[in-house]
Amino acid sequence: MNQIVLGIFNWYHKNARNLPWRATNDPYKIWLSEIILQQTQIIQGLNYYEKFLENFSSVNKLAKADEDQILKLWQGLGYYSRARNLHKAAKIVSTQYNGSFPTTYSEIIKLPGVGEYTASAIASFAFEQAYPVLDGNVFRFIARLYDIDLPIDEQKNRKVFMVLLNELMQNQQPSTFNNAMMEMGAIICKPQNPLCNVCPVQTFCEAYKNNTIAIRPVKNKKVKVSIRHLNFFFIEYNGGFYLEQRIGKGIWQNLFQLPLIETKSVIKTPDISEYLKALYNYNIKSVIEHHQSVRHLLTHQTIEAQFWRIKVDQKPLFANQNTVFTNLSNYKNFAVPKLIENYLLLL
Ligand code: SF4
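Numbered per my numbering, the sequence shown spans residues 38 to 384.
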């Protein structure tokens with residue numbers, strides 16, 4: 038075995054974190070953990086992983102669930118398209134594969150929400166197939182180990198890293214190899230202040246020799262962030278309030294939110310009645326109070342949210358057919374985005 042891999046394996050066997058999805062080769066559980074852990078910290082993901090398995094112990098049970106139930110369980114994790122794809126993929130496995138997870142990389146990667154990384158993870162962890170995983174941790178570790186100055190966010194450079202990983206892996210213990218590479222990136226070769234003094238491959242590390250650790254990996258693109266002004270209305274009527282389901286594409290698809298008006302810029306209290314009249318057929322006597330302004334950061338969007346509290350003495354007519362009447366004791370039955378939940382928890 039290559040000396041670099043030997044060093045990493047020895048370190049991994051002594052230091053690996055005890056994570057439940059590492060103690061199984063069940064492809065359903067591995068797939069579930071991988072989808073949950075995309076863009077999610079392990080500590081947070083752990084609770085969701087357990088919650089999903091408690092509710093859906095098999096892919097067939099997940100396939101039969103209502104989407105609302107899945108979104109509700111997913112609440113707080115963000116990137117809700119992952120949850121919808123999870124459901125779609127479960128239905129495909131349940132119907133086209135009779136509930137047995139597909140066993141080849143080429144079949145796995147066709148499932149909704151599964152990209153190269155996730156397909157490699159499932160193929161290696163569940164079936165010991167030699168597909169190296171290349172996530173952010175592995176990119177960073179390899180970029181430093183070989184002192185690679187190619188931008189990691191350019192797709193064409195991916196194959197350079199894959200060639201190196203395949204050479205290192207050499208079809209040996211793919212599951213241990215992938216876990217160990219990711220764990221090295223997460224625990225030793227961290228983005229800031231990597232633990233070079235205890236690194237098992239320090240003597241092989243080119244970035245350490247060349248003093249380039251701080252500038253590896255190289256990234257080119259800057260994420261473009263757009264600003265959106267969302268005005269939410271807590272409309273109080275007869276002891277309750279209203280939630281509407283988001284039906285279009287985009288953020289929070291199919292989740293429930295307070296009735297919303299999106300504007301191009303910040304709006305002030307005196308203008309609110311005009312907006313409400315136009316959009317909610319809302320020509321009734323009401324009390325309007327500006328309640329809260331919150332900045333909510335998503336990867337590609339900054340949401341400037343304003344919350345308005347409105348007391349009405351007549352039932353409003355909503356254009357959105359998917360509007361429901363609820364109250365502060367029962368709204369938790371609906372999947373709502375974190376931003377809305379945080380507001381409702383204050384009331
Ligand atoms: S020596 Fe430092 S920079 Fe190099 S692989 Fe180890 S932790 Fe990363």
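Using N, Cα and C, we set each Cβ at its ideal position, and we do this for glycine too.
Computed from a predicted structure; not experimentally measured.
- The DSSP-derived three-state label of residue 330 is strand.
- Not one heavy atom of the ligand SF4 falls within 7 Å of the beta-carbon of residue 180.
- Excluding residues up to 5 positions away in sequence, 237, 238 lie with their Cβ nearer than 6 Å to the Cβ of residue 44 in the same chain.
- With a cut-off of 7 Å, the C-beta of residue 232 is classified as near the ligand SF4, since at least one heavy atom of the ligand falls inside that distance.
- Under the 10 Å beta carbon count, residue 66 is surrounded by 16 or more other beta carbons and is classified as buried.
- For residue 164, the enclosing alpha helix (DSSP H) covers residues 153-164.
- In this structure, the CA atom of residue 305 is about 27 Å from the CA atom of residue 365.
- Annotated three-state conformation of residue 339 is strand, per DSSP.
- Per DSSP, the unbroken beta strand (DSSP E) holding residue 270 starts and ends at 263-273.
- Taking 8 Å as the cut-off, the Cβ atoms of residue 97 and residue 131 count as close.
- Counting other Cβ atoms within 10 Å of its Cβ, residue 296 reaches 16 or more and is therefore classed as buried.
- Nearest neighbour of residue 123 by Cα position, chosen from 103, 185, 224, 266, turns out to be 103.
- Straight-line measurement puts the Cα of residue 247 at about 48 Å from the Cα of residue 108.
- Below 8 Å, enough C-beta pairs join the segment 214-230 and the segment 158-178 to call them touching: three or more.
- At a threshold of 7 Å, residue 239 counts as near the ligand SF4, since its beta carbon sits closer than that to one of the ligand's heavy atoms.
- Cβ neighbours of residue 368 within its own chain (closer than 7 Å, five residues either side excluded): 280, 381.
- Each of 307, 179, 206 was checked against the Cα of residue 242, and the nearest Cα belongs to 179.
- In the three-state scheme derived from DSSP, where H, G and I count as helix and E and B as strand, residue 362 is classed as strand.
- Inclusion of residue 71 and residue 163 in the CB contact set at 8 Å is not warranted, their separation being larger than that value.
- Checking the 7 Å criterion, the Cβ of residue 183 is out of range of every heavy atom belonging to the ligand SF4.
- Taking a 10 Å sphere around the C-beta of residue 82, we find 16 or more other C-beta atoms and assign the residue as buried.
- When DSSP states are grouped into helix, strand and coil, residue 298 belongs to the strand group.
- For residue 91, the enclosing alpha helix (DSSP H) starts and ends at 79-92.
- For residue 278, the enclosing beta strand (DSSP E) begins and ends at 278-282.
- For the 8 Å CB-CB criterion, residue 377 and residue 269 form a contact.
- Beta-bridge annotation (DSSP): residue 355 is not paired with any residue.
- One alpha carbon belongs to residue 220, the other to residue 79, and they sit about 12 Å apart.
- Rounded to whole angstroms, the Cβ separation of residue 211 and residue 168 is 7 Å, and the two are in contact under 8 Å.
- Taking residue 370 as the centre and dropping the five residues before and after it, the same chain places the C-beta of 109, 363 closer than 8 Å to its C-beta, in chain order.
- A distance below 6 Å between beta-carbons, with the five flanking residues on each side excluded, links residue 343 to the following residues of its chain, in chain order: 268, 330.
- A straight-line Cα-Cα distance of about 8 Å links residue 126 and residue 150.
- For residue 244, the CB falls within less than 7 Å of some heavy atom of the ligand SF4.
- Residue nearest to residue 264 within the set 195, 293, 339 is 339 (criterion: CA-CA distance).
- Burial of residue 73 is indicated by the presence of at least 16 other C-beta atoms within 10 angstroms of its C-beta.
- Runs of the alpha helix (DSSP H) lying entirely within the segment 166-197, each at least 4 residues long, are 173-182 in chain order.
- In terms of side-chain proximity, the C-beta atom of residue 272 is found no nearer than 7 Å to any non-hydrogen atom of the ligand SF4.
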